[in-house]
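> To convert, count from 1 in the sequence shown and add 27; that's my numbering.
Each residue gets a CB set at the ideal place from its N, CA and C atoms; glycine is no exception.
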Amino acid sequence: MDFYIKVIRYLTLGGEKGKKFIFVVNDEEKFEESFSNKEIDELNIDNPHQMLAGDWVNAINSKNWFLSKEDKAFLAFLDENEEKINDAIARANISKLQRELKSWERYLLGQDHE
28 MDFYIKVIRY LTLGGEKGKK FIFVVNDEEK FEESFSNKEI DELNIDNPHQ MLAGDWVNAI
88 NSKNWFLSKE DKAFLAFLDE NEEKINDAIA RANISKLQRE LKSWERYLLG QDHE
C-alpha cells in the first residue's frame with residue numbers, strides 16, 4: 028500500500044490560518060481534513076509526515092464533536108489498515124533520511140577535497 032499526505036496551507040477570509048491534509052492511498056485522494064493553526068498546535072500536528080495511523084485517528088476524533096459518515100469510514104480504514112499505513116509512513120521517512128545522509132556525505136566529501 029502506498030500512503031502519503033499532501034499538505035496545503037490556507038487562509039480564511041476572517042484571517043485564520045490553517046492546513047488542509049489530503050490523505051492519498053495508492054495515488055487516490057481518499058480523505059481530507061482541515062485544521063486551523065491553533066488546532067495544529069493543540070493537537071501537536073506540526074510534523075504530519077511522521078504521524079502514524081493511530082495519531083491521525085486521535086487527532087481527527089479530538090477535533091470533531093460529530094463525525095460524519097465519511098469521517099467514520101476513513102477512521103475505520105485507518106484502523107483496519109494501521110500496520111500497512113505505518114509501514115508506508117516508515118518507508119517514506121527512511122527514504123527521506125537516506126537522501127539526507129547522501130546529501131551530507133556528498134557535502135562532507137566535497138569539503139575534504141578543498
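#1: Are the beta-carbon atoms belonging to Asp106 and Ala80 less than 9 angstroms from one another?
#2: Assuming Gly81 is part of the alpha helix (DSSP H), what are its boundary residues?
#3: For the alpha helix (DSSP H) that Glu97 lies in, which residues bound it at each end?
#4: I need the DSSP call for Glu43, collapsed to helix, strand or coil.
Judging by the given coordinates:
#1: Within the sequence shown, the letter at position 79 stands for residue 106. Within the sequence shown, the letter at position 53 stands for residue 80. Their beta carbons are under 9 angstroms apart, which means Asp106 touches Ala80 by this criterion.
#2: Here residue 81 is taken as the residue at index 54 of the sequence shown, counted from 1. Ala80 to Lys90 is the extent of the alpha helix (DSSP H) around Gly81.
#3: Translated into the one-based positions of the sequence shown, residue 97 becomes position 70. Under the DSSP assignment, Glu97 falls in the alpha helix (DSSP H) whose first and last residues are Lys96 to Glu107.
#4: Residue numbering aside, residue 43 sits at position 16 when the sequence shown is read from its first letter. Note: Glu43 maps to coil in three-state DSSP.
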